[in-house]
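**Student:** Residue numbers for the sequence shown follow this note's numbering, beginning at 79 and rising by one.
The beta carbon of each residue, even a glycine, is placed where N, CA and C say it ideally should be.
Bear in mind the structure is a predicted one, so any value in this text is a computation, not a measurement.
Would you mind keeping the following structure in view while I ask a few things?
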Amino acid sequence: MSIPFQLTRTHVEQALTAQKLLVLMIIRIGLMSGILIFYFVIVLMTFMFIPDGYSQQALSLMDLLSTVHALFFLAAAAIAFFLSSFQVRPERLEGRADIQSPEKAADAAVELYQMSSIVLVAPLEAASFFGAVVCMIGVQNGTIGTY
79 MSIPFQLTRT HVEQALTAQK LLVLMIIRIG LMSGILIFYF VIVLMTFMFI
129 PDGYSQQALS LMDLLSTVHA LFFLAAAAIA FFLSSFQVRP ERLEGRADIQ
179 SPEKAADAAV ELYQMSSIVL VAPLEAASFF GAVVCMIGVQ NGTIGTY
């Protein structure tokens, strides 16, 4: 089943209002600011926490956690891009009973784009938070910040 009318760029441009863009920007800024604040706290901890050194066990733990983080980030990036591209497929608009006009289809397409944007950023943010926790563990066990 396909959409019984032609959805044009003009329809999408009209559906993409300033308010919808503002909501999307606020969501993205909120997601990014959370991780940035967390990393800022870690940087402050680096200056406040003065370790006596670190053990070989702590260094091995950091090697393991760093490797896990790298693998987690690669998996999260692949999953994020797959899920994001899945959200914006034309088939997602087909068969919806609430779409009766090109304008409604354009509104639905913009909603799918907003959802796609969130789905793209969320797994990457999870990997970033995991990396931040690894950094915080490194600061606390002395492997990060020891000069």
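Beta-carbon within less than 8 Å of TYR117's beta-carbon, same chain only, minus the 5 sequence neighbours each way: which residues are those?
**Tutor:** So the list reads ALA210 and CYS213, once near-sequence residues are dropped.
**Student:** At the level of alpha carbons, what is the spacing between ILE113 and LEU198?
**Tutor:** One C-alpha to the other measures close to 16 Å.
**Student:** Roughly how many angstroms lie between the CA atoms of GLY220 and SER144, to the nearest whole one?
**Tutor:** So the two alpha carbons sit approximately 15 Å from each other.
**Student:** Whole-angstrom Cβ separation of MET140 and GLY216, contact assumed at under 8 Å?
**Tutor:** The Cβ separation is near 5 Å, so the contact holds.
**Student:** Secondary structure at SER138, three-state DSSP: helix, strand or coil?
**Tutor:** In the structure shown, SER138 sits in a helix (DSSP, three-state: H, G or I).
**Student:** Below 8 Å, can you find three or more Cβ-Cβ pairs linking the stretch 156-173 to the stretch 186-203?
**Tutor:** Judged by Cβ distances under 8 Å, the stretch 156-173 makes contact with the stretch 186-203, as three or more pairs qualify.
**Student:** Can you list, in chain order, the residues of its chain whose CB lies under 7 Å from that of PRO201, leaving out five sequence neighbours each side?
**Tutor:** Within the same chain, PRO201 has close Cβ partners ALA154, ILE157 and ALA158.
**Student:** Under DSSP, the alpha helix (DSSP H) around VAL166 begins and ends at which residues?
**Tutor:** VAL166 -> no alpha helix (DSSP H), and no H or E assigned at all.
**Student:** Would you mind reading off the limits of the alpha helix (DSSP H) that contains ARG87?
**Tutor:** Looking at the DSSP string, the run of the alpha helix (DSSP H) that includes ARG87 is 87-93.
**Student:** Does the stretch 179-186 touch the stretch 88-97, meaning 3 or more C-beta pairs lie closer than 8 Å?
**Tutor:** Flag = yes, the stretch 88-97 and the stretch 179-186 touch.
**Student:** Under three-state DSSP, which class holds GLN97?
**Tutor:** Helix at GLN97.
**Student:** Is THR221 helix, strand or coil by DSSP?
**Tutor:** Coil at THR221, not helix or strand.
**Student:** With a threshold of 6 Å on Cβ separation, who are the neighbours of MET123 within its own chain once the five nearest residues in sequence on each side are excluded?
**Tutor:** Closer than 6 Å at the Cβ level, and outside the excluded window around MET123, lie VAL217.
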